[in-house]
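Student: Please find one structure pasted underneath; my questions will follow.
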Amino acid sequence: MDSLSNDITCANTSQNNMEPYWQNAVSDFLPAGPFDCWFDKNPPASLFEVTSRTTKKTWPALKQNGKNNILLYSGSFNPPHKGHLATIQYFYRYRKEFDVLAMFVFTDPEDLIRGRMKDNGEIVLPQELRSLMFAKEPGLSEPLEEGWLQLLLGTKEGITQALMSMTALIRGAGFDADLIGLLGGDKLSACSPPHEPPAELATWGPLDGFLTLNARRPVDFYTPGPGKGKASIPISLPGCTEWERGQEDSGLVSEGVHEESIGDLWLCKALTVRGTPTTRFYATQRSASNGVNSTRIRKIISEAGEGELQELLRDQVISFEILAEWLKKH
370 MDSLSNDITC
380 ANTSQNNMEP
390 YWQNAVSDFL
400 PAGPFDCWFD
410 KNPPASLFEV
420 TSRTTKKTWP
430 ALKQNGKNNI
440 LLYSGSFNPP
450 HKGHLATIQY
460 FYRYRKEFDV
470 LAMFVFTDPE
480 DLIRGRMKDN
490 GEIVLPQELR
500 SLMFAKEPGL
510 SEPLEEGWLQ
520 LLLGTKEGIT
530 QALMSMTALI
540 RGAGFDADLI
550 GLLGGDKLSA
560 CSPPHEPPAE
570 LATWGPLDGF
580 LTLNARRPVD
590 FYTPGPGKGK
600 ASIPISLPGC
610 TEWERGQEDS
620 GLVSEGVHEE
630 SIGDLWLCKA
640 LTVRGTPTTR
650 FYATQRSASN
660 GVNSTRIRKI
670 ISEAGEGELQ
680 ELLRDQVISF
690 EILAEWLKKH
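Here it is as structure tokens:
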């Protein structure tokens, strides 16, 4: 099916509903011929179906007059923990301030994770298990049922191509849409250019840009100022242009009796990455990090006895019961 046909199909369906754009994007992968069965079992891009939900999942409605940012939150998530949960909940809570139409979470395939590991003996959880842990987390039930949060399976290249195709179809229908890569606080670094680890922005494909913040986890290129009205300037990153202040205001939002800012916007371009994509950094005066990280969790799993895992990990890992059951069998 060519792009024009896809545009027509989307226009003839509910044009402001996101689902047909996704369906038409993934249909481009389906081959005609003897490989049909293989692709049915091993699609390069597909949604992880949350079968236990009792209500029918909806999809977000595109904004005709406004920005539609589509976030891709990709990572090892080995295993998914409360820090990842807090990041998703943060963007869901402030989805209007960030103009986020939807977030797609992609758990990296096992071979991709093993290739990054220094210790070949470290545990690598199956991709579907990690997705299941997100799907069963009670704190994500609302964004999942609303269709704001989608869980992806497949290959990194496959899901990126599908999301880029979907975004192009949405733009072709007259909507203002961008596909943005969400970078955790440990990805961009003052010690390495963006095409090298830990960022490796070139492996994401030609996205419309990237976004990071320090609200959920500190970054090594920014130290908050001494007080209100005294904003710091981020440290310039190797292989990037100097940071420039964005034109948006800080997006003051109500937090009960308090007010909280989503941060001051700073922009830079990655010069060592094809297309020199722009990274948007939202700088806040504090980071609400809980100190949880996957490396420490895997160390506990490898060293602690079975009886100790629940006490040590229940408050760190999401859907802990699913992980514990898998560990018993493996």
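When the letters of the sequence shown are read in order and numbered with the working numbering, they come out as residues 370 to 699. Ideal placement from N, C-alpha and C gives every residue a C-beta, glycine not left out. Keep in mind that this is a model prediction, so the values were computed, not measured.
Is it buried or exposed for Pro-389, if we count other Cβ within 10 angstroms and need 16 for buried?
Tutor: Its Cβ being crowded by 16 or more others within 10 Å, Pro-389 is buried.
Student: Since Asp-577 and Lys-436 are thought to touch, with beta carbons under 8 Å apart, how far apart are those beta carbons, to the nearest angstrom?
Tutor: Actually they do not touch by this definition, with Cβ atoms about 11 Å apart.
Student: To the nearest angstrom, how far is the alpha carbon of Glu-497 from that of Arg-483?
Tutor: Approximately 16 Å between the Cα atoms of the pair.
Student: With DSSP as the reference, identify every bridge partner of Asn-437, one or two as the case may be.
Tutor: The partner list for Asn-437 (beta bridge, DSSP) reads Ala-546.
Student: Output needed for Thr-641: all residues of its chain with C-beta closer than 7 Å, excluding positions within five of it in sequence on either side, in chain order.
Tutor: Here the set comprises Pro-562, Pro-563, His-564 and Gly-608.
Student: To the nearest angstrom, how far is the alpha carbon of Val-395 from that of Ser-601?
Tutor: For Val-395 and Ser-601, the distance between alpha carbons rounds to 43 Å.
Student: Which word fits Arg-499, buried or exposed, when buried means at least 16 other C-beta atoms lie within 10 angstroms of its C-beta?
Tutor: Classification of Arg-499: buried, given that the 10 Å Cβ count is 16 or more.
Student: Suppose you measure from the CA of Lys-556 to the CA of Leu-441; what does that come to, to the nearest Å?
Tutor: Whole-angstrom Cα-Cα distance: 14 Å.
Student: Once you ignore the five residues that flank Phe-689 on each side, which residues in its own chain have a CB closer than 8 Å to its CB?
Tutor: Answer for Phe-689: Gln-679, Leu-682 and Arg-683, listed in chain order.
Student: May I ask which residues mark the beginning and end of the alpha helix (DSSP H) holding Phe-537?
Tutor: According to the sequence as given, residue 537 is Ala; it is not Phe. Run containing Ala-537: 525-541, per the alpha helix (DSSP H) assignment.
Student: State yes or no: is the C-beta of Thr-592 within less than 8 Å of the C-beta of Gly-554?
Tutor: Not in contact: Thr-592 and Gly-554 (Cβ atoms no closer than 8 Å).
Student: List in chain order: all unbroken alpha helix (DSSP H) runs of 4+ residues lying wholly within the region 635-690.
Tutor: List check, alpha helix (DSSP H) in window: 663-672 and 675-682.
Student: Please report how far the alpha carbon of Cys-406 lies from the alpha carbon of Pro-412, in whole angstroms.
Tutor: Model confidence at Cys-406 stands at a pLDDT of 47, short of 50, so the residue's coordinates are unreliable; what they give is reported in the following sentence. So the alpha carbons of these two residues sit roughly 10 Å apart.
Student: In the DSSP assignment, the beta strand (DSSP E) including Ala-414 goes from what residue to what residue?
Tutor: That run of the beta strand (DSSP E) goes 414-416.
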